[in-house]
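S.K.:
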Amino acid sequence: MSGHRTYINLGLGACLSASLSAFAAEAPTVHVYNWFDYIGPTTLKDFQRDTGIKPVYDTFDSGEVLEAKLMTGHSGYDVVVASNFILPALIKAGALQKLDRSQLTNLQHIDPVLLEKLRANDPDNQYAVPYLWGTDGIGYNVDKVRAALGDQAPVNSWDLLFKEENLAKLSECGVGILDAPAEIIPIALHYLGLPPNSSNPADYKKAEALLLKLRPHITYFNSSKIQTDLANGDICVALTWSGTVFGAMQAANEAAKGVKIEYSIPVEGAPLWSDNLVMVKDGNNPEQGLAFINYLLRPEVIAPATNLALTANANKDATALLSDEVREFSNIYPSAEVIAKAFTLQPQPHEIERVRTRSWSNIKNGN
C-alpha cells in the first residue's frame, strides 16, 4: 500500500534476474510482480534450487501501476502482490484466479485473525492470501514534538494531527502527510465519527472541511519524502505507513545524530492494510504460481522478507525466526486489542471516487 514501503532499490529486479541467469534456461517458469524490497534476499534463488522452477521477477513502486496492468489484461504475470483495498475491483473485473487451496498446504501457518480481516475485501478468502501487512499511523520526532506540545502531547491519538491548535504548533517543525486520498480521507471520516468507507457524498464534504482547516499547517503531501525527512529531522510528525516510520527509525539509529523517531497507532483505531499474494486469471503458469505462493508461506521463507522490509508478515509461525533488530521496533506486530480496533479500506462506487478525487484536489491546493 498501500509503500508502507521502505528501502526502495531501483536495481533490485535487475540484480535478482541477473543472479538467476546461470540457472537452466529450459526450467519451468513463474512470472512474479511485487513491490521493491518485499522478499527475502535469497528467496528467489532458493525457490529455484528447491523446486526447479525459475522465477522471472519484476518490481513496481505504485499500486496504481499494478492495478492498471491487471485491469488491461495480458500482463504476462502469474503471481502478483496486491494491496487489500484494490482486491474488490480486481475480483469484479475478473482479473484474478480463485486459489486452489488444496495445493496450498502451508496455509496452516497464516494467522486466522488476518484472514478474517481480509474478508472485507476478499469474501470467503477465495482469491488472496495475506503476505505482509501493517497499519497507517503517526510517525514523530520524540524531542521536537515534546518541545512543541509539552510532555502531555497526545502522540497516541489522532488529536495530535486533527486538532488545529496542535497542528499549528507542530507546523513549526514540519508536518508530512501521505499523498493518498483513499487512505487519508477515510481516516478523517473516522476521526469525525463517520464511516471510513462511507458512500455518502455529504460525509466527504465534512472530511474536506476538516482537512482544509488543517491545510495551512501541513508542510506537504508526499508519500516518498517522509521516511528520509523524518530520519533527518526535517519534519517532526507524519501521517504515514508503519513500514515508512520503521525505516526512518532504522536510518536515524544508524546515523546516530540524536534523532529519536517513534510510531504510534492511534487509540481511536487506524487502517490495517495487507499486501496479498494473488494469481492472475490469464497467467500462463498456474501450477508454478501455486507452488510459488505455497513456498512463500513457509515460516523460514517469509521471515527474511519481514527482516528486510520491516513490515509484519501474516505467518503466525514465523515470529520466532525474526531478527532481534525487528523485535526491537515496537508496533511492527500490534497487540490483539489494537488489531480489533483497526479497520480495512474498501473501494467506493465510481461516483464516490470522483467526489473523493475532487475533495483531495481541493485539499492539496487549499481551495
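Here the sequence shown stands for residues -24 to -1, 1 to 343, where the numbers follow mature numbering (1 follows the signal peptide of the UniProt record, and there is no 0). The beta-carbon is built from N, C-alpha and C at its ideal position, and this holds for glycine as well.
#1: Alpha carbon to alpha carbon, how far is Asp76 from Ile237? Give it in angstroms, no decimals.
#2: Taking the continuous alpha helix (DSSP H) assigned at Glu43, which residues delimit it?
#3: How would you call Arg332, buried or exposed, if buried means at least 16 neighbouring beta carbons within 10 angstroms?
#4: Measuring straight from C-alpha to C-alpha, what distance separates Leu165 and Pro64?
#5: Between the Cα of Phe222 and the Cα atoms of His7, Ala288, Asp119 and Glu263, which residue gives the shortest distance?
#6: Locate the beta strand (DSSP E) running through Thr108, then write down its first and last residues.
#7: What does DSSP give as the partner residue(s) for Asp34 in the beta ladder?
#8: Can you have a look at Ala178 and say buried or exposed, based on whether 16 or more other CB atoms are within 10 angstroms of its CB?
#9: What residues in its chain sit with their C-beta under 8 Å from that of Ile86, if we drop five residues either side in the sequence?
#10: Please report how far the alpha carbon of Met255 lies from the alpha carbon of Leu266, in whole angstroms.
#11: Under the rule that 16 or more other beta-carbon atoms within 10 Å means buried, what is Gln128, buried or exposed?
#12: Just to confirm, are Trp109 and Trp336 a CB contact at a threshold of 8 Å?
#13: Decide if Met47 is buried, meaning its Cβ has at least 16 other Cβ atoms within 10 Å, or exposed.
#14: Which same chain residues end up closer than 8 Å to Tyr180 when comparing Cβ atoms and leaving out the 5 residues on each side of it in sequence?
#15: Compare the Cα-Cα distances from Gly245 to each of Asn252, Lys182, Lys317 and Ser311 and report the closest residue.
#16: Name the DSSP bridge partner or partners of Leu72?
#17: Rank Thr295, Ser299 and Ala294 by C-alpha distance to the C-alpha of Leu284 and give the top, closest one.
#18: Ala157: buried (16+ other C-beta within 10 angstroms of its C-beta) or exposed?
#19: Flag Ala279 as yes if its beta-carbon sits less than 8 Å from any beta-carbon of chain C, otherwise no.
#20: For Val8, which residues of its own chain have a beta-carbon under 6 Å away from its beta-carbon, when the five flanking residues on both sides are left out?
#21: Along the chain, where does the alpha helix (DSSP H) containing Ile153 start, and where does it finish?
#22: In terms of DSSP beta bridges, what is Asn291 paired with?
#23: What are the residues that DSSP puts in a beta bridge with Pro247?
#24: Residues bridged to Trp217 by DSSP?
#25: Taking the C-alpha atoms as reference points, what is the distance between Pro130 and Gln84?
#26: Per DSSP, Glu238 is paired with what?
#27: Residue range of the beta strand (DSSP E) that Ala58 falls in?
#28: Would you call the CB atoms of Leu215 and Leu146 closer than 8 Å?
#29: Since I believe Ile308 is in contact with Val302 (beta carbons under 8 Å), could you give me their beta-carbon distance rounded to a whole number of angstroms?
#30: Would you tell me roughly how many angstroms separate the C-alpha atoms of Ala185 and Val213, rounded to the nearest one?
#31: Give a yes or no on whether the C-beta atoms belonging to Leu297 and Pro275 are separated by under 8 Å.
M.R.: Taking the structure as given:
#1: If I take the Cα positions, the gap works out to 43 Å.
#2: Residues Gly39 to Thr48.
#3: Residue environment for Arg332: buried (at least 16 other C-beta atoms within 10 angstroms of its C-beta).
#4: Between the alpha carbons of Leu165 and Pro64 lies a distance of about 21 Å.
#5: Closest by alpha carbon: Ala288.
#6: Per the sequence shown, residue 108 should be read as Leu rather than Thr. Its beta strand (DSSP E) spans residues Ala104 to Asn117.
#7: Paired residues: Tyr9.
#8: By the neighbour-count rule (16 or more Cβ atoms within 10 Å), Ala178 is not buried but exposed.
#9: Within the same chain, Ile86 has close Cβ partners Val105, Pro106, Leu273, Ala290, Asn291 and Lys292.
#10: Looking at the two C-alpha atoms, the distance is approximately 8 Å.
#11: That one is exposed.
#12: Cβ distance not < 8 Å, so Trp109 and Trp336 don't count as in contact.
#13: Exposed.
#14: These residues qualify, in order along the chain: Ile161, Leu165, Ser174, Ile328, Val331, Arg332 and Ser335.
#15: Nearest C-alpha to Gly245 among Asn252, Lys182, Lys317 and Ser311: Lys317.
#16: Leu72 pairs with Val256.
#17: It is Ser299.
#18: The sequence shown places Pro at residue 157, not Ala. Buried, by the Cβ-count rule.
#19: Protein chain content of the structure displayed is limited to a single chain, and chain C is not contained in it.
#20: Cβ within range, chain order: Pro31, Tyr33 and Val55.
#21: Careful: Ile153 lies outside any alpha helix (DSSP H), inside the beta strand (DSSP E) at Val151 to Ile153.
#22: Answer is Ile86, bridged to Asn291.
#23: BP columns for Pro247 point to Phe319.
#24: Listed as beta-bridge partners of Trp217 by DSSP are Asp112.
#25: Answer to the nearest angstrom: the Cα atoms are 40 Å apart.
#26: Answer by DSSP bridge pairing, in chain order: Tyr116.
#27: Counting along the chain, the beta strand (DSSP E) containing Ala58 begins and ends at Val55 to Ser59.
#28: Not in contact: Leu215 and Leu146 (Cβ atoms no closer than 8 Å).
#29: So it is a contact: roughly 6 Å between Cβ atoms.
#30: Taking the CA atoms as reference points, Ala185 sits about 21 Å from Val213.
#31: Going by C-beta atoms, Leu297 is nearer than 8 Å to Pro275.
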